[in-house]
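J.: Have a look at this one.
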Amino acid sequence: MTIRNKIMGLFTGLTVSIILMMVAFAYFLISRQSFDDFYKRLEIRAYIAARARLTKDEGNSAAYAEIRNEHLERLPHEREYFIRLDTTGKPPHYSELSPLRNTFYDKVKSSGKATYRFRDTFFQGVLFENESGRYIVIVSASNVFGQEFMTELRRTLLICLIIAAIVIVTTGLFFSRYILRPVRLITSRVKDIRAHNLHLRLDKPDSDDEMSELAMTFNNMLDRLETAFETQNNFVSNASHELGTPLTAIIGEAELALNKQRSELQYQQSLSVILKEAERLEHITKSLLSLAQTGFTDKKQRLEHIRTDELIFTVKETIDRINPDNQVEIDYSMLPEEEDKLVILGDPQLLQLALSNIVQNACKYSDNRPASIALAATDHDNIIIIKDNGIGIPTQDLPFIYDPFFRASNTSGYKGYGIGLPLARNIVRLHGGNIIVNSHQNQGTEIRITIPTYTPSR
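Last residue of the sequence shown: 458 (full-length UniProt numbering), numbering continuous.
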């Protein structure tokens, strides 16, 4: 069942149920009012009949009789009964009043009046006392007009209910189509989007409602998908180029060496070129493997309690071994007083790899000018800030710095493969952190890394 039919069915069922309950309640009230009115008419007739028949004053008796005959229309099957109470207080038995029970007479004697209904016959009894004695006056009649009125009322209410149901179904169809129209438009538009036209976007509705939010969310998802597809295409293209260059050099050098007999020195030179390109190929392959491994966020990592200050010291020692001429200094000015804030949960080898790559870039692209590593901590995060005074990153290149193999336009004079920063970001994300790059060309680069602080409650 479609959502449109579900909405229509729910709307129709709920509305018709409410109307049906209101109709039933109104019918009950009108029926009760009709019965009460009929009993009231019988009561008036009972008192008039008692005064017309049981009053000794002939003038008053004749007057009541005249009123009854001239102004009170006789009801269908109207009957009058006058029961004189004997000394025992028990009423005599009448076969016409056999439906009445003793409780009826007891209520008349105690309350002065009582009512009873037997099928289509209504009974009204009143207690009448005068100088001639105590009487129970009973008037019975059939409420034919009331029954006809209630029958007509039922017919009218049923017709109104059927008409209301038809109107509600029609209205439900219209509103369900109207409400779901943006969804149909979104569905139709989405069906047109394929891998080759991911640039297409959904039209945002003018209204600020859930449909507008859905369209915006879907457009954002398309933005991410388009970026992912472009990144993948660029990655494949760049990886093919980066892997193809050393392979071409190796094959070409080997073919050149085997083309004819050469001297020992020439063979050594060829093998040296082949070794250099093979090492380059190995470095690229290992970088790709590391990048691929850190791309799987659901992979279980070996997590340990790590002191970030000790991690930075280890990174500094690594950089000193790789590049003895570096001028990297550790900034202690923002270190917190509480040592517990410096504990994080993570994989020490991966974090060391990520920080080492970033610090090496700081040294390389600043030509070993002074750089700094600062550490700060809050109750929620450890913050590592790496600053250099190097060539910086051009503004137009900043959106692409996390694309594998992408290199800024001003780095042609520096050796590199464009793997370090994407690898570092993957590692930081694996640890629930974030990495932010602020850079200006020829003014240096600042990289801010945040990693959640470990707390025992986590």
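Backbone N, C-alpha and C define an ideal beta-carbon position, used for all residues, glycine too.
1. Grab me the residues of S409's own chain with a C-beta within less than 7 Å of its C-beta, minus the 5 sequence neighbours each way, in chain order.
2. Can you name, in chain order, every residue of its own chain whose Cβ lies under 6 Å from the Cβ of A50, other than the five neighbours on each side?
3. Quick one: which unbroken alpha helix (DSSP H) runs of 4-plus residues sit fully inside the stretch 328-407? Chain order, please.
4. H305 bridges to which residues according to DSSP?
5. What did DSSP end up calling V16 once you bin it into helix, strand or coil?
6. Should D388 be labelled buried (16 or more other beta-carbon atoms within 10 Å of its own) or exposed?
7. Using 8 Å as the threshold, is the C-beta distance between N382 and L430 below it?
8. Rounded to whole angstroms, what's the CA-CA distance from S111 to M21? Just pull it up for me.
9. Given a cut-off of 8 Å, decide if A354 and A424 are closer than it, judged by their beta-carbon atoms.
10. Would the stretch 322-340 count as touching the stretch 276-287 if we require 3 or more Cβ pairs under 8 Å?
11. Hey, could you find the ends of the beta strand (DSSP E) E78 is sitting in?
12. For S212 and N219, I'd like the C-alpha separation in whole angstroms.
13. In the structure shown, what three-state DSSP assignment does E264 receive?
14. Cα separation between I250 and G444?
15. Going by DSSP, what residue range makes up the alpha helix (DSSP H) through G146?
16. Within the same chain, show all residues whose beta-carbon is closer than 6 Å to that of G133, passing over the 5 residues directly before and after it, in chain order.
17. Buried or exposed for G413, going by 16 or more other Cβ atoms inside 10 Å?
18. Which word fits K364, buried or exposed, when buried means at least 16 other C-beta atoms lie within 10 angstroms of its C-beta?
19. Tell me whether N219 sits in a helix, a strand or coil according to DSSP, three-state version.
20. Quick one: using the 10 Å Cβ neighbour count with 16 as the cut-off for buried, is S17 buried or exposed?
21. Closest to P404 by CA distance: which of G390, A141, K415, L421 is it?
22. Which value, in whole angstroms, describes the spacing of the CA atoms of N5 and I179?
23. Could you compute how far the alpha carbon of L157 sits from the alpha carbon of V23?
24. Please go through the same chain and pick out, in chain order, the residues whose beta-carbon is closer than 8 Å to the beta-carbon of residue 466, but skip the five residues on each side of it.
25. Kindly list the residues whose CB is nearer than 6 Å to the CB of K299, restricted to its own chain and excluding five residues on each side of it in sequence; keep chain order.
26. Taking the beta carbon of F229 as the centre, do at least 16 other beta carbons fall within 10 Å, making it buried, or is it exposed?
27. Please classify N426 as buried or exposed, where buried requires at least 16 other C-beta atoms within 10 Å of its C-beta.
28. If I measure Cβ to Cβ from Y454 and keep anything under 8 Å in the same chain, skipping five residues before and after, which residues do I get?
29. What is the C-beta distance between F122 and F38, in whole angstroms, given that I count them as a contact (C-beta under 8 Å)?
30. From the DSSP secondary-structure annotation, give me the bridge partner or partners of N130.
31. Tell me where the alpha helix (DSSP H) around K113 begins and ends.
32. Looking at the strands, I want to know which residues DSSP matches up with H431.
33. For I447, name the three-state secondary structure that DSSP assigns.
34. Are S270 and L256 close, meaning C-beta to C-beta below 8 Å?
35. When we look at the beta-carbon of V144 and count the other beta-carbons within 10 Å, is it buried (16 or more) or exposed?
36. Going by DSSP, what residues sit across from V139 in a beta bridge?
T.: Answer, in terms of the structure:
1. P394, D397, listed in sequence order.
2. The residues are F128, V137.
3. List check, alpha helix (DSSP H) in window: 348-364.
4. L345.
5. V16 carries a helical assignment under DSSP once its states are collapsed to helix, strand and coil.
6. D388 sits buried, since 16 or more C-beta atoms from the chains shown fall within 10 Å of its C-beta.
7. Their beta carbons are not under 8 Å apart, which means N382 does not touch L430 by this criterion.
8. The straight-line gap separating the alpha-carbon atoms of S111 and M21 is approximately 36 Å.
9. Contact flag set, yes.
10. Fewer than three beta-carbon pairs drawn from the stretch 322-340 and the stretch 276-287 are found closer than 8 Å, and the two stretches are therefore not classed as touching.
11. Unbroken run through E78: none, as it is neither H nor E.
12. Near 11 Å, if we compare the C-alpha coordinates of N219 and S212.
13. DSSP places E264 in helix when its eight states are reduced to three.
14. Using only the alpha carbons, I get a separation of about 37 Å.
15. Annotation for G146: the continuous alpha helix (DSSP H) segment containing it runs 144-179.
16. R84.
17. Per the 10 Å Cβ criterion, exposed.
18. Around the beta carbon of K364, 16 or more other beta carbons lie within 10 angstroms, which makes this residue buried.
19. N219 sits in a helix when the DSSP states are folded into three classes.
20. Counting the other CB atoms within 10 Å of its CB gives S17 a total below 16, which places it among the exposed residues.
21. Measuring from the Cα of P404, the nearest candidate turns out to be L421.
22. Distance between the alpha carbons of N5 and I179 is about 12 Å.
23. For the pair L157 and V23, the Cα-to-Cα distance works out to about 7 Å.
24. Within the shown structure, residues of the chain are numbered from 1 to 458, placing residue 466 beyond reach of any answer.
25. Note that K299 has pLDDT 49, beneath the 50 cutoff, so the model's placement of it is unreliable and no number is given.
26. By the neighbour-count rule (16 or more Cβ atoms within 10 Å), F229 is not buried but exposed.
27. It counts as buried.
28. Here the set comprises H305, V343, I344, L345.
29. In this structure, F122 and F38 form a Cβ contact; the two beta carbons are roughly 6 Å apart against a cut-off of 8 Å.
30. According to DSSP, N130 bridges with G133.
31. Counting along the chain, K113 falls outside any alpha helix (DSSP H), though it belongs to the beta strand (DSSP E) covering 113-118.
32. Paired residues: none, contrary to the question.
33. In the structure shown, I447 sits in a strand (DSSP, three-state: E or B).
34. Their beta carbons are under 8 Å apart, which means S270 touches L256 by this criterion.
35. By the neighbour-count rule (16 or more Cβ atoms within 10 Å), V144 is not buried but exposed.
36. E80, Q124.
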